[in-house]
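Residue 118 is where the sequence shown starts when you use the working numbering, and the numbers rise one by one after that.
All C-beta atoms in this analysis are idealised placements derived from N, C-alpha and C, irrespective of residue type, glycine included.
Below: the structure, in structure tokens.
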Amino acid sequence: MIRVLVVEDNAINRELLRELLETRGYVVDEACDGQAALQMMEKARPDILLLDIGMPVLDGYAVVRKIREHPRLAALPVLAVTAYAMHGDREKILNSGFDGYLSKPVDAALLVEELKRFLPNGEGRNTPPKQPQGSNACSKVRSADASGTGK
Ligand code: MN
118 MIRVLVVEDN AINRELLREL LETRGYVVDE ACDGQAALQM MEKARPDILL
168 LDIGMPVLDG YAVVRKIREH PRLAALPVLA VTAYAMHGDR EKILNSGFDG
218 YLSKPVDAAL LVEELKRFLP NGEGRNTPPK QPQGSNACSK VRSADASGTG
268 K
């Protein structure tokens with residue numbers, strides 16, 4: 118069972134990634150910002166991180182820096198998932214502690230390729246997911262959205 122932590126402030130993007138991953142047999146946890154992701158990782162033990170760059174509270178660069186300085190998490194594979202497609206960004210990202218780079222919208226085949234590259238036995242199962250649901254640190258935000266209070 119491979120656990121993927123999706124760190125992304127955009128609810129629609131989180132949902133897309135969750136669906137891509139769960140239909141391929143991965144277990145997905147979600148965090149809405151960098152701070153929440155670091156807190157989750159004090160307990161949860163993801164096998165790999167999909168990390169958005171542009172996020173409130175702590176952005177992707179700050180998160181990956183903290184991960185690389187963390188004794189237990191330093192070797193964790195971290196893939197950037199970002200819409201920043203300008204020249205030079207890829208290099209900047211790969212020089213900032215990320216192991217790889219996926220641009221949005223995420224291509225399913227590329228995503229799976231990257232996961233397999235960083236997880237030696239990292240194949241999700243080809244069966245529909247019957248695994249326990251991953252946790253979601255974003256439910257508060259979601260219900261706030263649903264109540265129409267805003268932003
Ligand atoms: Mn973002």
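- Distances from the alpha-carbon of N127 to those of V180, G151, R141, M118 put G151 closest.
- The beta carbon of M157 sits no closer than 6 angstroms to any heavy atom of the ligand MN.
- The continuous alpha helix (DSSP H) containing G151 extends over residues 151–158.
- Nearest to V180 by alpha-carbon distance, out of A161, E230, A154, L122, is A154.
- Bridge partners of I165 according to DSSP: V121.
- DSSP places L219 in the strand class (E or B) of the three-state scheme.
- For the pair L211 and M158, the Cα-to-Cα distance works out to about 22 angstroms.
- At least one heavy atom of the ligand MN sits closer than 6 angstroms to the Cβ of D169.
- Closest in C-alpha terms to V123, from the list Y178, T140, P222, V195, comes V195.
- Note: D206 is not bridge-paired with any residue in the DSSP secondary-structure output.
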